[in-house]
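Q: A single structure is presented below for examination.
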Amino acid sequence: MQEYTIHGGIAGKRRLEILSRTIRPGTERFLKTAKLHAGMRCLDLGCGGGDVTLAIAKRIGFDGIIVGLDLDEHKIQLATESASIKGIKNVQFKAFNAYDLTDESAYDLVYSRFLLSHLRKPKIVLQNMWTALRTDGMLLIEDTDFSGHFSHPPFGPFNRYVNLYQRLLKKRGADANIGQKLVGLLQETGFVDVQFQISQPVHLEGEGKLMAEITFEGISKALIEEGLTSVDEAQKIHTGLVNFRKRSDSLISLPRIFQVHGRRP
3 MQEYTIHGGI AGKRRLEILS RTIRPGTERF LKTAKLHAGM RCLDLGCGGG
53 DVTLAIAKRI GFDGIIVGLD LDEHKIQLAT ESASIKGIKN VQFKAFNAYD
103 LTDESAYDLV YSRFLLSHLR KPKIVLQNMW TALRTDGMLL IEDTDFSGHF
153 SHPPFGPFNR YVNLYQRLLK KRGADANIGQ KLVGLLQETG FVDVQFQISQ
203 PVHLEGEGKL MAEITFEGIS KALIEEGLTS VDEAQKIHTG LVNFRKRSDS
253 LISLPRIFQV HGRRP
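Quick note: the sequence shown uses the working numbering, first residue 3, plus one each step.
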């Protein structure tokens, strides 16, 4: 079941690599919540290019194992190659649909970033995560509140992009603002000790400032296919985003990121 709205493949992995570098400090702080240690068995669901998967692998030692699952076979291939190049052996990458996860009490930690916001039925996947965890196992989720994505000064093409992204996911049955709902969703699933924090990098310069235009490139085809914009408008929005990014006085944020964790009792 293909639901992910942003294109994959090599271009998609490049986008994810830039995103991963941009939000790495926030994710690393969040991972400390899990108190990772040697010998843990972990799952990264919707692992993308595997950047966080490999970071966790380094923290759990040779006695630990982490499995990275993603629907995009090409990203899985690239992630496997990256692990091989880096000599990281306590990791397994597989092309897999999150809806099909049936592991029971198999993991000490389940981590997922920017997956649930793209799913039509995130509650099913959350239940799968619950089932996959052992008693006292930890779930760590990072996902977006796209409504908090901002620029300064306010800029028309940027605001249009933010609006179109949310409308596209809504039209496809997903929720770009699921971050706001994660605490309640985890509690509803049965997790306890649910806590959250918010991370939101904002950029005046550097590659993080590229994320808006790269993300728009990744959804343009889908926007046109869904009738939400035209080829002409998409080109104008993209040109506007590029020009705005080049301005020395412009600030561009990432979407507001909710980082939520809970424990299976």
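We treat Cβ as the ideally placed atom computed from N, Cα and C, and that holds for glycine.
#1: If you follow the beta strand (DSSP E) that residue 146 is part of, which residue opens it and which one closes it?
#2: Let's see if you can read the secondary structure: which residues bound the beta strand (DSSP E) around residue 46?
#3: Using 8 Å for Cβ pairs, my map puts residue 148 next to residue 179. What's the rounded Cβ distance?
#4: Would DSSP call residue 205 helix, strand or coil?
#5: Could you give the distance in angstroms between the alpha-carbon of residue 154 and the alpha-carbon of residue 220?
#6: Hey, residue 233 and residue 239 are a contact pair by Cβ (cut 8 Å); roughly how many whole angstroms apart?
#7: Residues in its own chain within less than 6 Å of residue 350 by CB, not counting five upstream and five downstream?
#8: Using 8 Å as the Cβ pair cut-off and three pairs as the minimum, do the region 110-122 and the region 165-181 touch?
#9: Per DSSP, which one or two residues make a beta bridge with residue 263?
#10: Relative to the C-alpha of residue 73, which candidate in 166, 57 and 103 has its C-alpha closest?
#11: Considering only the alpha carbon of each residue, which of 144, 251 and 188 lies closest to residue 28?
#12: Counting only runs that start and end within the region 64-108, where is the alpha helix (DSSP H) found for 4 or more residues in a row?
#13: Rounded to the nearest angstrom, how far is the Cβ of residue 139 from that of residue 258, given a contact under 8 Å?
#14: Taking 8 Å as the threshold, find out whether the region 186-197 comes into contact with the region 250-264 through three or more Cβ pairs.
#15: Measuring straight from C-alpha to C-alpha, what distance separates residue 252 and residue 244?
#16: Compare the Cα-Cα distances from residue 195 to each of 35, 25, 26 and 23 and report the closest residue.
#17: Would residue 40 pass as a contact of residue 63 if the rule is Cβ separation under 8 Å?
#18: Return helix, strand or coil for residue 247, following the three-state DSSP convention.
#19: Quick check on the burial criterion: 16 or more other C-beta atoms within 10 angstroms. Buried or exposed for residue 222?
#20: Is the Cβ of residue 121 closer than 8 Å to any Cβ of chain E?
#21: Just to confirm, is the Cβ distance from residue 224 to residue 170 under 8 Å?
#22: Looking at the structure shown, is residue 210 part of a helix, part of a strand, or coil, going by DSSP?
#23: Report the residue from 156, 192, 87 and 93 whose alpha carbon sits nearest the alpha carbon of residue 129.
#24: Could you tell me the alpha carbon to alpha carbon distance between residue 131 and residue 65, rounded to whole angstroms?
#25: Leaving out five residues before and five after residue 166 in sequence, what residues of the same chain have Cβ atoms less than 7 Å from its Cβ?
#26: Taking C-beta to C-beta, are residue 134 and residue 90 nearer than 8 Å?
#27: By DSSP's criteria, residue 113 is part of a beta bridge. Which residues make up the other side?
#28: Would you please state the rounded distance, in angstroms, between the beta carbons of residue 246 and residue 157? I believe it to be under 8 Å.
#29: In angstroms, rounded to a whole number, what distance separates the CA positions of residue 69 and residue 216?
A: Taking the coordinates as given:
#1: 135-147
#2: Element bounds for residue 46: 43-47.
#3: 6 Å
#4: In this structure, residue 205 counts as strand in the three-state DSSP scheme.
#5: Answer to the nearest angstrom: the Cα atoms are 23 Å apart.
#6: Not quite, the Cβ-Cβ distance comes to about 11 Å (not below 8 Å), so this is no contact.
#7: Beyond the ends of the chain as shown, which are 3 and 267, falls residue 350; an answer cannot be given.
#8: yes
#9: 142 and 197
#10: 103
#11: It is 144.
#12: The region 64-108 is shown to contain whole alpha helix (DSSP H) runs of 4 or more residues at 75-88, in chain order.
#13: A Cβ-Cβ separation of about 27 Å leaves residue 139 out of contact with residue 258 under the 8 Å criterion.
#14: yes
#15: 11 Å
#16: 35
#17: yes
#18: helix
#19: buried
#20: This model lacks chain E altogether; it includes just one protein chain.
#21: Yes, the pair counts as a contact, with Cβ atoms nearer than the cut-off.
#22: helix
#23: 192
#24: One C-alpha to the other measures close to 23 Å.
#25: 225, 230 and 231
#26: no
#27: In the DSSP assignment, residue 113 forms a beta bridge with 46 and 142.
#28: With 8 Å as the limit, residue 246 and residue 157 qualify as a contact, their Cβ atoms being about 5 Å apart.
#29: 28 Å
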